[in-house]
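Structure first, commentary second.
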Amino acid sequence: LALPVHAVTEGPYFTLTGSIDTFEDMTLTSIDPSLTIRANMGREAGLGFNHSIGYQFKNSFSTELEFSYKAGDFGPGLFGAVSSNSFLINGIYSFNIREFYTPYVGYGIGYTFHEVNIQNYGDRTDTTLAHQLKMGVDMEFSRRLSLRVGYRYFTTNSPTFKQYFSSENSSHGIEAGVKFHF
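All residue numbers for the sequence shown refer to this note's numbering, where the first residue is 48 and numbers rise by one.
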């Protein structure tokens with residue numbers, strides 16, 4: 048199997064990725080007394096997706112605007128789920144090693160809209176600041192298309208779901224998708 052060898056492609060691009068996200072246990076504070084839950088709560092693994100549009104510069108640096116969605120059910124003891132919709136600005140550095148694969152590392156910052164739904168209690172929302180670190184590999188199939196596989200650590204300031212609780216929010220995600228160069 049012969050694979051093409053390309054340098055980093057300069058110009059605009061679009062990514063579509065899906066992820067499997069595992070959430071760190073949450074420490075709940077300011078718990079509403081009507082909720083019979085403990086202060087340490089787990090969350091089940093969930094599915095997510097990330098879409099971004101960006102620009103790759105000649106110097107191996109790129110910037111992008113990203114929308115991401117993550118969701119996961121609460122662990123035993125609480126029936127419900129938390130979802131997060133995020134808008135981030137990312138800076139990414141690609142290590143141009145002149146092979147068909149290109150390792151990358153990146154950092155992003157933005158805002159996340161959280162929504163919690165607890166069975167028999169309803170929905171609550173909050174918006175917080177978000178940060179992420181990501182790393183992975185782009186495997187080029189042509190100058191216009193590459194497969195992207197990576198890891199992402201995502202965290203936000205603690206959302207406060209009024210009349211429910213406040214909590215920590217962070218996740219680890221394994222993602223795979225495609226990157227289209229224009």
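Every residue, glycine too, gets a C-beta built ideally from N, C-alpha and C.
Residue i versus the options, residue with shortest Cα-Cα distance
i, options, result
"Glu179", "Asn164, Gly65 and Tyr198", "Note that residue 179 corresponds to Gln in the displayed sequence, not to Glu. Ranking the options by Cα distance to Gln179, first place goes to Tyr198."
"Ala128", "Arg195, Glu71, Pro206 and Gly93", "Gly93"
"Thr203", "Ile221, Glu71 and Ile67", "Glu71"
"Phe114", "Phe201, Glu215 and Ser205", "Phe201"
"Phe121", "Thr110, Arg90, Asp170 and Ser131", "Arg90"
"Gly101", "Arg145, Gly95, Tyr60 and Gly169", "Tyr60"
"Ile238", "Glu222, Tyr211, Ser214 and Asp185", "Residue 238 is absent from the model: the chain starts at 48 and stops at 229."
"Phe227", "Ser193, Phe96 and Asp173", "Ser193"
"Asp173", "Ile139, Leu63 and Ser130", "Ser130"
"Gly155", "Lys181, Gly220 and Lys105", "Lys181"
"Leu125", "Asn137, Gln103 and Asn167", "Asn167"
"Gly58", "Glu111, Gly169 and Gly95", "Glu111"
"Ser133", "Phe208, Asn216 and Gln103", "Asn216"
"Thr149", "Leu176, Gln103, Ser66 and Ser214", "Gln103"
"Leu135", "Phe229, Gly169 and Thr175", "Thr175"
"Asp189", "Gly95, Asn137 and Val225", "It should be pointed out that residue 189 corresponds to Ser in this sequence rather than to Asp. When only C-alpha atoms are compared, the closest one is Val225."
Cβ-Cβ separation, residue j to residue i (assumed contact under 8 angstroms), whole Å
i, j, result
"Tyr151", "Gly183", "6 angstroms"
"Met187", "Phe147", "Residue identity differs from the one stated: residue 187 is Glu in this sequence, not Met. With a Cβ gap of about 5 angstroms, Glu187 and Phe147 count as contacting."
"Ile139", "Gly153", "4 angstroms"
"Pro206", "His161", "4 angstroms"
"Ser64", "Asn97", "The sequence as given places Thr at residue 64; Ser does not occur at that position. Rounded, the Cβ-Cβ distance is 5 angstroms, consistent with contact."
Which residues DSSP lists as bridging residue i, in chain order
i, result
"Ser130", "Ala118 and Glu162"
"Pro59", "Tyr102"
"Phe96", "Gly65 and Tyr116"
"Asn216", "Thr203"
"Leu135", "Glu113 and Gly157"
"Ser141", "Tyr151"
"Phe229", "BP columns for Phe229 are empty, so no partner."
"Glu222", "Ser66 and Gly197"
Test item: CB-CB of residue i and residue j under 8 angstroms
i, j, result
"Ser218", "Thr69", "yes"
"Arg195", "Ala223", "yes"
"Ser99", "Thr62", "yes"
"Ile165", "Tyr211", "yes"
"Gly220", "Ile67", "yes"
"Phe208", "Val163", "yes"
Could you name each continuous alpha helix (DSSP H) segment of 4 residues or more that falls completely within the segment 148–211, going from the start of the chain to the end? Fully contained in the segment 148–211 is no alpha helix (DSSP H) run of length 4 or more.
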